[in-house]
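Visitor: Sharing a structure with you now.
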Ligand code: BYC
């Protein structure tokens, strides 16, 4: 498909031939830029950054790298190539042709999913908007801005779908995306995690590892959708999402590597001494993992969900990597779920959120394994782990039930007494913030984090990735 790269809005959706849609998006564009200038990385709008910009959807060369001030980034609309004769891959309509328009009976469900997905994207930019002031290196600062502009593009992707397929309602939803704000008491973002503050880089790396990974699984589920424009949009978003998770995974790995070096130099794993030496002690890492993992698993919704069942039955939202399953209809299957009242066997379609959550947890554990290898190789004895799915839940069967990280229920009082062993305390966060001093010399790293193994796009780590 031709790329209209000379348009004001780069796209492969034939915007030039659809004047109404083009006008609607050109009307929304200045509002988006205004939002970026007000609630994006506002203190760095003049910094020139070495950024990747999506320019096509081919396997090779889908992006180009160059120097950009973030407000001038070219946010485009790209859908993965259409699959000829694509058929619905699951649910009651399995085998029927996919939809190029929104069927009236699924309009509300599709709009709700697209709005929920879209809402997370600007939310994350808002959450991260002050981190530039404490970046541990120019390399990391560049990665932060890369993630930010791509989340902005993902918002564009969802707003395109709303404008192109949902008429006036869709345009109103597009405006509302810029009116809700992360952490705003009156108009918060839709999903819980996207209202949590991200005030330090350890939280940013955790978010990029655990929360962006929810993005991966939700996008994979939406990529299965019978609504083909949504499917193709999400497929392309996944290409960019991979880098965001890499930022989280490698970021946490580098913090751990530095901590292990400091412990070796000290000949001690005493958390107080590690902190005095300017590194992040491993028990604090574990508390951050507990917090961000628990918050992110809430994003999959309740274990038993009639919404999820009807999305699946109707072909609106599938399971991640649907092809890997044998039974795509799931009319008879069941899943045993864990509840405070004991194990419960529920109809598989009603348990689709749990199916996706379990696939996600499995994926999260790969990173934990890699980080534990860094610790073991350094000769240290400490094992990071993800907490039980019962720990600190706000959504689903375990919402509001106090449990320790192993999943043992306890009273509210007992939980409060031990809370600071399991979750970052004010004093942990204060300590982490005290480490967050900005480093701006090319190639130099803050003392709490090891350098990355390689730079961006085959450039050296010491490259000046951001001209401040
Ligand atoms: N916080 O039947 P239930 C990403 C609501 S991340 C607050 O269990 P359902 C990214 C739910 O909305 C991926 N509310 O839920 C990452 C519903 O509300 P209403 C984002 C929650 O519908 C990093 C009610 O509880 N994409 O891309 O089966 C950076 C009953 O829910 C929460 C998506 O989420 C929560 N944690 O499934 C940037 C995909 N959980 O309508 C970007 C689209 C549930 O009754 N969303 N609720 O008032 C969905 O597929 C579904 O809406 C959910 C929930 C998976 C979120």
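Residue numbers (this note's numbering): 24 to 491.
Glycine included, C-beta positions come from ideal geometry on N, C-alpha and C.
Using beta-carbon positions only, say whether residue 312 and residue 164 come within less than 8 angstroms of one another.
Guide: No, the Cβ-Cβ distance between residue 312 and residue 164 is not below 8 angstroms.
Visitor: Residue 92 and residue 77 - do their beta-carbons sit closer together than 8 angstroms?
Guide: No, the pair does not count as a contact, with Cβ atoms beyond the cut-off.
Visitor: To which residues does DSSP link residue 361 through a beta bridge?
Guide: Paired residues: 366.
Visitor: Using 10 angstroms around the beta-carbon of residue 195, count the other beta-carbons present and answer buried if the total reaches 16, otherwise exposed.
Guide: Result: exposed.
Visitor: In this structure, does DSSP put residue 151 in helix, strand or coil?
Guide: Three-state DSSP puts residue 151 in coil, outside helix and strand.
Visitor: Note the first and the last residue of the continuous beta strand (DSSP E) segment covering residue 90.
Guide: It spans 86-92 - the beta strand (DSSP E) in which residue 90 sits, taken as one unbroken run.
Visitor: Near residue 229, what residues of its chain come up, given a Cβ to Cβ distance below 6 angstroms and the 5 sequence neighbours on each side ignored?
Guide: Taken in chain order, the residues that qualify are 311, 315.
Visitor: Residue 467 and residue 160 - do their beta-carbons sit closer together than 8 angstroms?
Guide: Closer than 8 angstroms, so yes.
Visitor: With 8 angstroms as the threshold, decide whether the Cβ of residue 333 is near any Cβ in chain C.
Guide: Included in the structure is just one protein chain, with no chain C present.
Visitor: Got a sec: does ligand 1 put a non-hydrogen atom nearer than 7 angstroms to the Cβ of residue 346?
Guide: No, Cβ of residue 346 sits at least 7 angstroms from all heavy atoms of ligand 1.
Visitor: Given this structure, state the Cα-to-Cα distance separating residue 410 from residue 213, to the nearest angstrom.
Guide: Residue 410 and residue 213: Cα-Cα distance of roughly 25 angstroms.
Visitor: If distances are taken between C-alpha atoms only, which option among 436, 395, 157 comes closest to residue 457?
Guide: It is 157 whose Cα lies nearest to the Cα of residue 457.
Visitor: Rounded to whole angstroms, what's the CA-CA distance from residue 321 to residue 42? Just pull it up for me.
Guide: For residue 321 and residue 42, the distance between alpha carbons rounds to 41 angstroms.
Visitor: Who pairs with residue 250 in a beta bridge, going by DSSP?
Guide: Bridge partners of residue 250: 122.
Visitor: Would the C-beta of residue 321 count as close to ligand 1, meaning under 7 angstroms from any of its heavy atoms?
Guide: Within the cutoff, so yes.
Visitor: Quick check: the Cα distance between residue 279 and residue 451, rounded to an integer number of angstroms?
Guide: If I take the Cα positions, the gap works out to 16 angstroms.
Visitor: Flag residue 400 as yes when its Cβ comes closer than 7 angstroms to any non-hydrogen atom of ligand 1, and as no otherwise.
Guide: Flag unset: Cβ of residue 400 not near ligand 1.
Visitor: What residue from 420, 470, 254 has the CA that sits closest to residue 133's CA?
Guide: Considering only alpha carbons, the answer is 254.
Visitor: Grab me the residues of residue 309's own chain with a C-beta within less than 8 angstroms of its C-beta, minus the 5 sequence neighbours each way, in chain order.
Guide: The answer, listed in chain order, is 407, 408.
Visitor: Where does residue 476 sit, in a helix, a strand or coil, going by DSSP?
Guide: Residue 476 falls in the coil class under three-state DSSP.
Visitor: Does the stretch 299-307 come close enough to the stretch 420-431 that 3 or more CB-CB pairs lie under 8 angstroms?
Guide: Judged by Cβ distances under 8 angstroms, the stretch 420-431 makes no contact with the stretch 299-307, as fewer than three pairs qualify.
Visitor: Would you mind sorting residue 380 into buried or exposed? The rule is 16 or more other CB atoms within 10 Å of its CB.
Guide: Answer is buried; the Cβ neighbour count reaches 16.
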